[in-house]
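Per this note's numbering, residue 3 is the first one in the sequence shown, and the count goes up by one each step.
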Amino acid sequence: MKKRIGSYPRVRVEGGGRTVVSQAGGVLLVETARKIGLDEAISAALAPWLKPRAVHDPGKVLLDLALAVALGWDCLADIGLLRSEPAVFGPVASDPTVSRLIDILATAGPKALTAIRAARADVRSHVWELAAGRAPDTGGRVTVDLDRVLVVAHSDKQDAAPTWKKTYGHHPLMGFVDHGPGGTGEAVAALLRPGNAGSNTAADHISATHLALAQLPKKYRCGRQTLIRCDSAGGTHEFVAWLAQRGRWLSYSVGMVITEAIHSHVLKIPASAWTPAVETDGEVRDGAWVAELAGDVLDVWPKGMRLIVRKERPHPGAQLRITDADGMRITCFATNTLDQPIADLELRHRLRARAEDRIRAARSTGLRNFPLHDTAQNGIWLEIVQIALDLLAWMPLLALTGQARLWEPRRLRFRLFSAAGQLVTTGRRRILRLARHWPWAHEITRALERLTLLPNPG
């Protein structure tokens, strides 16, 4: 008989360890917040809600919650994990103090939201200056993607309602700045809506666009340096007309529903008018073509709007829709960009699919559910989620290079933030020594070196 010894080594576990720091890689987020002045900006914004004898600064409490969410946790009580590591995160408020602050800010309502958003906008301008020459300014233009997110509620929360997917919860409308193929993206708008809110509500798209534009530096609000991009939910007359009124300083690329009028015009397009679609590498895409519609189909839409249609062979097994034609899958979008070939414009619109990556990152960063009951409280939570998403975008933008800049939140947590360390005190200095065998220890140290080279705020 062969003696079984098992596949894993046996270790003796004791609970008396000292100077050991878990989540030591979280120092990357802490140092990023300090270097860009996010801690000072949030503290200044929430100064009106600082009580005379308060021990904890409201801005520090809110930023601690954002750090906890960025590290992968999803409720107010998870801030206790930061509280257990004062060497990295400093003094952290108790759970009752955190809950009281959320209640106070929720009671303040729009005033508190406006203060937080203004602080984020100021810090964003500073970050983009520090990251000059890199994303998010790709090709001299900033792209904002609008998209909807379904957040399921597992209990009866205020404004939770049945959704169009026959689930139950909320239906927020989000806006993300696309950093292009060399980066990720950052959240610039979040509109909390009931679960039964319409997908194509023009007023909500206008409000979300206002929120997104307010987050951008002023130079991107003129000369068509900002592109608003969304799917067919934004293809309403009211929203497109609103975008067209700002056509001198705003570009748009909006998906459109294939109406009967559009469908009949597509059937009349001659074969010679179709142009092969292209891919991101410039190669022609086999089995896909684009064309521009003209004539009376544009009469009911704003002047200067272009209507571009795409047809492609469906994937094997795909079911065609009633609006498809001649065995081809038909899609359409509208834009006011005049100086580019239609194949390039269609590729630009198709890259809106990167917004799905941003939504996936948001779901894993506090947007899996709304942890509070009242809508006003969850509105504050949505701002916390956006701060966390900002940190997860700004840290790679300023500190990481190569493929590491493309890592999504889950990979950042597993490879960087979850690294353990040993806290060593020598003289008046405290040194955090990462585990030597950790495969990405050098990535953390190099990122910290890059952050150290950045100028201090103020």
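All residues carry an ideal CB built from backbone N, CA and C; glycine is no exception.
- For Gln379, the uninterrupted alpha helix (DSSP H) run begins and ends at 377-401, by DSSP.
- Annotated as proximal: Asp147 and Cys232, with beta-carbon spacing under 8 Å.
- Annotation: the continuous alpha helix (DSSP H) that includes Phe241 extends over 239-247.
- In the displayed model, Val259 falls within coil according to three-state DSSP, outside both helix and strand.
- Asp346 is classed as exposed because its beta carbon has fewer than 16 other beta carbons within 10 Å across all chains shown.
- Bridge partners of Lys313 according to DSSP: Trp291, Ile332.
- Going by beta carbons, Ala357 and Phe91 fall outside the 8 Å limit.
- Cβ neighbours of Val286 within its own chain (closer than 8 Å, five residues either side excluded): Pro278, Ala279, Val280.
- Counting only the Cα atoms, His172 lies some 42 Å from Glu451.
- Judged by DSSP secondary structure, Gln217 falls outside any beta strand (DSSP E) and instead within the alpha helix (DSSP H) spanning 204-217.
- The alpha carbon of Trp251 has as its nearest neighbour, out of Leu73, Ala26, Cys224, Tyr10, the alpha carbon of Cys224.
- Annotation: Ala401 to Asp124 spans about 20 Å, alpha carbon to alpha carbon.
- The DSSP-derived three-state label of Ala155 is coil.
- Between His181 and Ala137, the beta carbon gap of about 4 Å places them in contact (Cβ cut-off 8 Å).
- DSSP links Pro98 through a beta bridge to no other residue.
- Membership of Gly423 in the beta strand (DSSP E) is indicated by the continuous run 423-428.
- Taking all protein chains shown into account, Thr367 has 16 or more neighbouring C-beta atoms within 10 Å of its C-beta and is therefore buried.
- Leu322 places its beta carbon less than 8 Å from that of Arg331.
- Secondary structure note for Ile344: its alpha helix (DSSP H) is the uninterrupted segment 344-352.
- Under the three-state reduction of DSSP output, Ala437 falls in the coil class, being neither helix nor strand.
- The stretch 151-168 makes no contact with the stretch 70-90, as fewer than three CB pairs between them are under 8 Å.
- Glu348 places its beta carbon 8 Å or farther from that of Arg308.
- The beta carbon of Leu418 lies closer than 7 Å to those of Gly27, Leu30, Trp442, Glu445, Ile446 in the same chain, with the five residues before and after it left out.
- Going by C-alpha positions, Arg126 is about 27 Å away from Thr377.
- Nearest Cα to His375 within the set Ala43, His156, Ala110, Ser96: His156.
- Considering only Val129, Ser234, Leu340, Arg248, the residue with the shortest C-alpha distance to Asn458 is Val129.
- Between the C-alpha atoms of Ala46 and Thr454 there is a straight-line separation of about 24 Å.
- Two segments are said to touch when three or more pairs of C-beta atoms, one from each, lie closer than 8 Å; by this definition the stretch 268-276 does not touch the stretch 230-247.
- Taking a contact to require three or more Cβ pairs closer than 8 Å, the stretch 408-423 and the stretch 59-78 qualify as touching.
- Annotation: the continuous beta strand (DSSP E) that includes Leu229 extends over 228-232.
- Annotation for His172: the continuous beta strand (DSSP E) segment containing it runs 170-172.
- Residue range 175-180 is occupied by the beta strand (DSSP E) that includes Phe178.
- Counting C-beta pairs closer than 8 Å gives fewer than three between the stretch 423-433 and the stretch 382-402, which falls short of the contact rule.
- In this structure, DSSP gives Asp149 an extended state, which the three-state scheme calls strand.
- Per DSSP, Val190 is one residue of the beta strand (DSSP E) stretching across 187-193.
- In this structure, DSSP gives Val63 a helical state, which the three-state scheme calls helix.
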